[in-house]
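Asks: Take this structure first; my questions come after.
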């Protein structure tokens, strides 16, 4: 059974619309993250959260807003979608807060913006 | 900004071969060094990590780090068709808050039976 659940698996959106990507982890981890993988760039860090608090933000655009209602839940809201936002968005989690902690990734949400 | 480069971009080897994948980084103060493997359409999954110069072996996989050369590598002994995947190296940069890894673009490995 997958321990990090991402929904939906595939998502098609029109330019200018808004979408929410869902992520829940059942590994009992204390930290959660969003990464993005597009055809043009390597896997890219976006946000990190711990105990529902934002720890790091490397996303320049305010159109990307993480939302955490519970410690094991981290959604990603994307507004005013653009074709360049097309990518696979991966949620990840780790047990602890130190740099030596392994990141575990979900299966991803593949977003296509038309 | 950390620059992580992988070589080669792609590699085709016969089953049973020894495979070597390379990764260079730009900041010698980087803290941790990782290899992830991503099968097509799947999540990246951590293979191994190292933080100090030298070698570390786990089964058929060996990771080697040389910080002075800004280089680390992954060696796969007795490569299997199931090893066919995209291999991603990643670096934890200096002073990084938790979870921020800088990834390379990947090496696509194909192991021919």
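Chains as they are written, first to last, in my numbering: chain X, 1 to 114; chain P, 1001 to 1113. All residues carry an ideal CB built from backbone N, CA and C; glycine is no exception.
1. For residue 36 of chain X, count neighbouring C-beta atoms within 10 Å of its own C-beta (all shown protein chains included) and say buried if the count is 16 or more, exposed if not.
2. Using 8 Å as the limit for Cβ to Cβ distance, is residue 12 of chain X near chain P?
3. For chain P, find out if any of its Cβ atoms is closer than 8 Å to the Cβ of residue 106 of chain X; answer yes or no.
4. Give me, in chain order, the residues of the same chain whose beta-carbon lies closer than 6 Å to that of residue 114 of chain X; leave out the 5 immediate sequence neighbours on both sides.
5. Using 8 Å as the limit for Cβ to Cβ distance, is residue 109 of chain X near chain P?
6. Grouping DSSP H, G and I as helix and E and B as strand, with all else coil, what is residue 75 of chain X?
7. What does residue 33 of chain X touch in chain P if you count any residue whose Cβ is under 7 Å from its own?
8. What are the partner residues of residue 12 of chain X, as DSSP defines its beta bridges?
9. Measuring CB to CB, does residue 99 of chain X end up less than 8 Å from residue 1036 of chain P?
10. Within 8 Å, do at least three Cβ pairs link the region 103–111 of chain X to the region 56–75 of chain X?
Replies: According to the structure shown:
1. The residue labelled residue 36 of chain X in the question sits at position 36 within the first chain. The Cβ neighbour count for residue 36 of chain X, taken over all protein chains shown within 10 Å, is at least 16; the residue is labelled buried.
2. On the first chain, position 12 is the one that residue 12 of chain X refers to. No, no contact with chain P.
3. Numbered from 1 along the first chain, position 106 holds the residue referred to as residue 106 of chain X. Residue 106 of chain X counts as touching chain P.
4. In the first chain, counting from the first residue as 1, residue 114 of chain X sits at position 114. Closer than 6 Å at the Cβ level, and outside the excluded window around residue 114 of chain X, lie 14.
5. Taking the first residue of the first chain as position 1, residue 109 of chain X is located at position 109. Not closer than 8 Å to any Cβ of chain P, the Cβ of residue 109 of chain X fails to qualify, so no.
6. As a first step, residue 75 of chain X is located in the first chain; it is residue number 75 there, counting from the start. Secondary structure of residue 75 of chain X (DSSP, three-state): strand.
7. For the purposes of this step, residue 33 of chain X is taken as residue 33 along the first chain, with counting starting at 1. What residue 33 of chain X touches in chain P: 1099.
8. Translated into the one-based positions of the first chain, residue 12 of chain X becomes position 12. According to DSSP, residue 12 of chain X bridges with X:112.
9. Start at 1 with the first residue of the first chain, and residue 99 of chain X comes out as number 99. Start at 1 with the first residue of the second chain, and residue 1036 of chain P comes out as number 36. Judged by their CB atoms, residue 99 of chain X and residue 1036 of chain P are not nearer to each other than the 8 Å cut-off.
10. Touching, no.
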